[in-house]
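Here is the structure we will look at.
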Amino acid sequence: MIKTCQLHIEGEGTENAILQEAPCSVKYKRRFVLKNATGVITELNAVVEFDAPIVSWRNHDYTWVDASRQRMAHFHSPKALLLKNGHKVVAGETHGLWVFDPKHPKRLKWVMADSWLTPLFRYDEKDVMHFTQPDLILENPLTFTFLFTTGKIPEFSRSRIPFSAILNFSDHCDFDSLELMERQRALFKKCQVRISKGAFLFHFSKRAFNVSLERQGDELQRWEADGHELCYHSLSQSIRPENQWQKDFEAFENDGPRWPTWIDHAFQPYNLTKMASSGYKVADWAHRMHRAGVRYLWNYLDGGHSGRGVINQLDVGQFSLRTYIRTALKIKSLASLTGLLRTYILYFSDEQAKKSYSQLVNNLRRKLWKKGPGGMWGLARGLAFLGGRLFSLLVDSVKKEVLPAWQKYGTTFFSAHLGGSRFWFFQTVEVHDFISTFSAENLKLLTESSGICLAHTYFADDDPQKPGRVFLNKRGGWMPGIEDTFQRIGDAAEKGELWLASVAEIAEFFDSFQYLRFDVDERGNIHPIVEKGGQDLVVRYVE
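In this note's numbering, the protein residues as written are 264 to 806.
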């Protein structure tokens with residue numbers, strides 16, 4: 264059934280690592296054990312060659328799909344496939360990622376370490392973005408078990424509501440005023456929608472109206488009482504002088520409310536992404552975050568932005584350049600085309616292109632081109648840059664599938680060790696147009712595919728350039744259709760089609776998957792083994 268199983272490992276001090284097959288008394292099981300995997304590991308996977316081609320794959324939407332394209336199965340999805348000889352293959356463990364490439368129809372790659380499996384980055388002193396690799400702490404021994412059967416196979420639900428979709432709103436409070444927060448809370452209570460609400464701990468802001476725990480703690484307590492999760496959105500809106508932000512960070516560490524979820528805001532020096540400017544070492548920063556009670560962090564990345572047909576983060580094809588081009592061409596307006604160009608620059612271009620775009624936007628917003636030759640020259644360079652990006656977009660548009668680099672494996676949640684401390688990270692999708700994103704058609708797309716949408720939102724942003732936003736204006740008027748949109752979400756949750764969960768709830772539930780494994784008996788029947796910690800998992804059998 265398995266012809267070969269080979270180890271691929273890269274890093275420093277890994278030369279003694281060896282992958283050996285362990286003896287099994289049951290003919291329907293093959294187990295491989297990794298030993299001596301020490302050193303600094305940057306890539307690690309086991310590559311299996313079956314004796315028959317893979318013809319079908321158990322997809323993330325819990326359906327069988329063909330093997331005509333690349334397929335993936337994360338730790339939160341079924342790891343099962345069908346060979347041409349009629350045998351189904353199921354993973355004995357939930358860990359890691361299965362990857363299938365149709366160019367090698369008999370081959371399966373089981374990935375345990377890859378920089379794009381755990382996409383994290385930091386800015387250097389010049390604010391240039393560099394992707395980094397977290398510490399890799401492996402199970403010892405690490406096993407790769409393959410179970411074979413011709414009968415039914417078990418699969419588990421990634422949602423606490425069995426086999427439903429998962430939706431989370433992690434809302435950034437940059438534009439929140441007390442009045443708009445009260446309006447949001449009333450709407451969500453009416454529609455029975457729960458969210459993860461970012462909040463500033465201290466009031467230090469360029470916007471006098473901003474809400475903080477320091478000044479409006481009573482309102483934030485009402486959010487908690489209504490069942491919402493409160494999260495740190497860093498500690499203040501604006502950046503304080505160094506001696507003051509250090510005091511803020513100490514106060515957060517020692518006397519903060521111990522919320523478990525942290526959402527980086529802007530360029531605060533104590534953010535993980537800005538550690539180079541804080542002077543903290545990774546181990547010190549991680550220890551202090553743990554001491555403050557923080558366990559779950561945003562990785563400061565969106566896999567893309569949502570829209571018509573773009574909502575399910577498990578389906579990486581929804582976030583491809585080709586999908587965004589098709590959507591823009593359907594609408595055929597100047598706004599859709601400029602939006603496509605913005606998407607291409609932010610998600611499919613390099614860091615220099617993003618900086619040039621930011622400079623152009625700043626020039627236009629502040630009307631610098633009216634203030635002298637320097638501004639005019641900046642505008643001319645910006646327009647030339649846009650022309651170059653448009654040409655690059657046209658070139659990339661003919662390629663089969665172009666994805667943002669960090670979307671290679673469609674990451675949503677992942678655990679990683681930093682400085683000896685373990686955290687869970689989540690990656691989001693940018694949402695500005697709530698009416699299109701959560702239309703009846705889009706919500707059906709999400710629920711029928713048992714998908715995941717971790718929405719990065721700014722509910723209080725009343726920018727008139729953003730159709731489908733929540734608020735018409737700063738006085739709290741609703742955009743037409745927004746109340747129906749959130750009622751639709753609440754109704755789907757009430758029907759059990761959708762798990763409206765907090766960041767902490769999803770991370771805690773996903774963490775329980777490590778306590779589930781599978782085994783097979785001498786008759787070829789595969790069964791689950793649930794250890795303490797996984798008792799809430801739901802498993803069913805499918806043909």
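For each residue, glycine too, the CB sits at the ideal point set by N, CA and C.
The model shown is predicted, which means the values in this text are computed figures rather than measured ones.
Nearest-angstrom Cβ-Cβ length linking residue i and residue j, presumed shorter than 8 angstroms
i, j, result
"R457", "S712", "Contact doesn't hold; Cβ gap of about 22 angstroms is too wide."
"V805", "Y291", "Not a contact, Cβ separation roughly 18 angstroms."
"K710", "Q690", "Looking at the sequence shown, residue 710 is not Lys but Thr. With 8 angstroms as the limit, T710 and Q690 do not qualify as a contact, their Cβ atoms being about 21 angstroms apart."
"V692", "F611", "About 15 angstroms; that fails the 8 angstroms criterion."
"E785", "V289", "5 angstroms"
"R385", "L535", "7 angstroms"
"L627", "F648", "That pair is no contact at about 13 angstroms."
"I400", "H790", "Not really, about 29 angstroms apart at Cβ, beyond 8 angstroms."
"R448", "D489", "6 angstroms"
"I715", "L577", "5 angstroms"
"A770", "L763", "About 15 angstroms separates the two Cβ atoms, so there is no contact after all."
"I752", "C454", "7 angstroms"
Beta bridge counterpart(s) of residue i as assigned by DSSP
i, result
"D329", "S319"
"T395", "L383"
"Y610", "Paired residues: none, contrary to the question."
"Y620", "Note: Y620 sits in no beta bridge, so no partner."
"E505", "In DSSP, E505 forms no bridge with anything."
"W361", "A336 and W373"
"T586", "None, per the DSSP bridge assignment."
"C716", "L430"
"H675", "Per the sequence shown, residue 675 should be read as Thr rather than His. DSSP lists no partner for T675."
"L410", "K292 and V353"
"V692", "A718"
"E418", "R803"
Given residue i as reference, the closest of the options once Cα atoms are compared
i, options, result
"V318", "W327, V310 and H337", "W327"
"S678", "G359, L270 and I715", "G359"
"R521", "L476, L642, K537 and A354", "L476"
"F772", "Y386, S422 and K366", "S422"
"W525", "A555, K544 and D726", "A555"
"H339", "I789, R751, Y672 and Q750", "Y672"
"Y325", "F419, W373, E275 and A354", "F419"
"L346", "E275, V311, T606 and K369", "K369"
"W486", "D434, W508 and N308", "D434"
"K372", "V474, Q269 and I400", "Q269"
"T606", "G637, V573 and K634", "V573"
"G641", "D747, H553, K351 and Y620", "Y620"
"N506", "Q728, H528, Y533 and K342", "Y533"
"K342", "W361, A770 and E275", "W361"
"L717", "A767, H271 and G740", "A767"
"T267", "G276, T277 and F295", "F295"
"M552", "G682, F701, K634 and L483", "G682"
"I502", "W320, L564, D527 and T590", "D527"
"S660", "A591, E312, H491 and G645", "A591"
"E585", "L656, P316 and H719", "Residue identity check: residue 585 is Arg in the sequence provided, not Glu. Nearest C-alpha to R585: L656."
"L603", "P504, H568 and K366", "H568"
"K617", "V353, G645 and G570", "G645"
"K663", "Q728, I588 and P397", "I588"
Simplified DSSP assignment, three categories, for residue i
i, result
"W525", "strand"
"P791", "strand"
"P286", "coil"
"S540", "helix"
"G519", "coil"
"Q269", "strand"
"H466", "coil"
"V658", "helix"
"K351", "strand"
"Y778", "helix"
"Q484", "helix"
"L493", "strand"
"T277", "coil"
"T748", "helix"
"V303", "strand"
"H568", "strand"
"G645", "helix"
"Q447", "helix"
"N308", "strand"
"S499", "coil"
"V579", "helix"
"L560", "strand"
"S471", "The sequence given here places Ala at residue 471; Ser does not occur at that position. Note: A471 maps to coil in three-state DSSP."
Discussion item. Can you confirm whether the segment 322–342 touches the segment 278–294 when touching is taken to mean that 3 or more C-beta pairs between the two stretches lie within less than 8 angstroms?
Written reply: no
- prompt: For the 8 angstroms Cβ check, are there 3 or more pairs between the segment 721–732 and the segment 768–779?
  reply: no
Notebook entry, point to check: Are three or more beta carbon pairs between the segment 557–569 and the segment 394–407 nearer than 8 angstroms?
Noted result: no
Closer than 8 angstroms is the cut-off here; do at least three beta carbon pairs connect the segment 454–472 with the segment 492–500?
yes
Cβ pair count under 8 angstroms reaching 3, the segment 428–447 against the segment 371–390
no
Is there contact here, the segment 295–309 with the segment 695–708, by at least three beta-carbon pairs under 8 angstroms?
-> no
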